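The sequence shown begins at 2 in the numbering used here and counts up by one. Backbone N, C-alpha and C fix where the C-beta goes; we use that ideal spot for every residue, glycine too. Treat the numbers as computed from the prediction; the structure is a model and nothing was measured.
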Amino acid sequence: LAKALFNALKMPVKIEYIDMPKELDKQYQNFTKADMTKFKKFYKSKFEITSIEDSVKDYVQNYLLKRERW
2 LAKALFNALK MPVKIEYIDM PKELDKQYQN FTKADMTKFK KFYKSKFEIT
52 SIEDSVKDYV QNYLLKRERW
């Protein structure tokens, strides 16, 4: 997500990872990944799935950077 944001802004990717404080380590989930097997089985032919990169680029360039109020 962060890399996609830098790319959408046409900026060099510069991401600095900061370790989780030890006192929060057991309260935070570092990795999540949904099992999309059932979704793809039933809906893949009905929906075109847009990549995170394309989605972020669209949102940043067509909405955030335009600074338009709706």
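DSSP three-state label for residue i, please.
i: Leu2; result: coil
i: Asn31; result: coil
i: Phe48; result: coil
i: Tyr18; result: coil
i: Leu10; result: coil
i: Leu66; result: coil
i: Lys42; result: helix
Taking the alpha-carbon positions, what's the residue i to residue j distance?
i: Val57; j: Ala5; result: 6 Å
i: Val61; j: Arg70; result: 14 Å
i: Gln30; j: Pro22; result: 13 Å
i: Lys45; j: Ala35; result: 15 Å
i: Ile50; j: Lys11; result: 24 Å
Please look up how many angstroms separate the CB atoms of residue i and residue j, rounded, as I've assumed it's under 8 Å.
i: Ile16; j: Ala3; result: 5 Å
Go through its chain and collect everything with a Cβ distance to residue i's Cβ below 6 Å, but skip five positions before and after it.
i: Asn8; result: none
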